[in-house]
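One structure is given below, encoded as C-alpha cells.
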Amino acid sequence: FLVVNSFSFLFLFSETLMDTRTATAELGWTANPASGWEEVSGYDENLNTIRTYQVCNVFEPNQNNWLLTTFINRRGAHRIYTEMRFTVRDCSSLPNVPGSCKETFNLYYYETDSVIATKKSAFWTEAPYLKVDTIAADESFSQVDFGGRLMKVNTEVRSFGPLTRNGFYLAFQDYGACMSLLSVRVFFKKCPSIVQNFAIFPETMTGAESTSLVIARGTCIPNAEEVDVPIKLYCNGDGEWMVPIGRCTCKAGYEPENNVVCKGESDLGLSR
C-alpha cells in the first residue's frame, strides 16, 4: 500500500484486463466476413514484433467488416477503458479510390455472462451491440510515409459502462478504411490502498461513471484509535483519493511518526 502525508498527490492506478502487445501467439479474434479483417505479424514504431489486425478493401464499396475480440472478464470493474493504437491510410493518397473510402472506424461492446459462439452467422445480426464511439485518426499516412517507415500512430482511449454481466466482447467495425489496429489495451481504474491520518484504506475500484465517487471505509492502524467518525475517503473516477472524513490518533503512550505510524516507548528507544 501507499503511505502518504497529505492529499496533495496524484496517483493513477489501473489494472489491465487485456493487452495485445504482450501476446506471444495468434490473438484468434473472429472476423466477419473472412475477406475483411486479417491477423498479421507486424512491428510497432519501436520495431517490436506485435500481433495486429489490418483491413484495406477501399476499392470495393459497401464495406461492413467486423472484428470481435475473445471474451474479456471484467473482474468486478464497473467502467472499462479501451486504449487503441492504430494507423490509417490517407484516402486522398490512394489513386482512383471511390468516395466510399473512410478514415474512421466504429467501436462497440457486447455484455454477456459467458463465452458465446461468435462464429455462428446469427450472432452477427442479432447480438445487441452497444456503440461506444466512432474513432477518427488524428494523423493518416500516405504511400510516401509508409515507404519511408515513418509510422503515424494514433492513440485513442474510450470508456464505457456501467457493466453488470461477468464480462464482455469488444467489436471493431470497418466500413471502408485502409488501416492497421496495432494494439488494444483494456483496463479499469482503481484507487490504491493507502495509509492516511493513522488510518488504512483498502484498494477500491472506481464507480460506473467517470464522475462517480465511491466511499471507502478506513480502519485505524495498530496502536491508534478513532477520534472522528466515520473514517472514510472517496475514490473518484480517475482513481484518485479525495475528501478525507474522520481520523484516528495514536493511543496514550504512543508517539506519531509522519501521520502513518504510532510508535511506543520501546520502538522509540530502538530508533534512537
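If you use mature numbering (1 follows the signal peptide of the UniProt record, and there is no 0), the sequence shown corresponds to residues -25 to -1, 1 to 247, in order.
For every residue, glycine included, the Cβ atom is placed at its ideal position computed from N, Cα and C.
In its chain, beyond the 5 residues on either side, Gly221 and Arg222 have a beta carbon closer than 7 Å to the beta carbon of Asp203. Measuring C-alpha to C-alpha distances from Tyr85 to each of Leu69, Gly136 and Cys225 identifies Gly136 as the nearest. In this structure Val161 is buried. Its beta-carbon is surrounded by 16 or more other beta-carbon atoms within 10 angstroms.
Collapsing the DSSP output to three states places Cys76 in coil. Put simply, of Asn7, Lys226, Ile175 and Asn23 the residue whose alpha carbon is nearest the alpha carbon of Phe147 is Asn7. Between Ile190 and Phe173, the gap from beta carbon to beta carbon reaches 8 Å or more.
In the assembly as shown, Val90 is an exposed residue. Its beta-carbon has fewer than 16 other beta-carbons within 10 Å. In chain order, Lys207 place their CB closer than 6 Å to the CB of Arg192, counting only its own chain and leaving out the 5 sequence neighbours on each side.
Fewer than three Cβ pairs drawn from the segment 45 to 61 and the segment 70 to 79 lie within less than 8 Å of each other, which leaves the two stretches out of contact. Taken atom to atom, the span from the alpha-carbon of Phe176 to that of Pro103 is near 39 Å. Between Ala52 and Phe163, the C-beta spacing is below 8 Å. In this structure, Tyr56 sits near Val132, with a CB-CB distance shorter than 8 Å. Thr224 sits in a strand when the DSSP states are folded into three classes. One thing to note: Cys210 has its Cβ within 8 Å of the Cβ of Thr181. In terms of Cβ geometry, Leu(-9) and Arg50 form a close pair [threshold 8 Å].
Here DSSP, grouped into helix, strand and coil, assigns Thr27 to strand.
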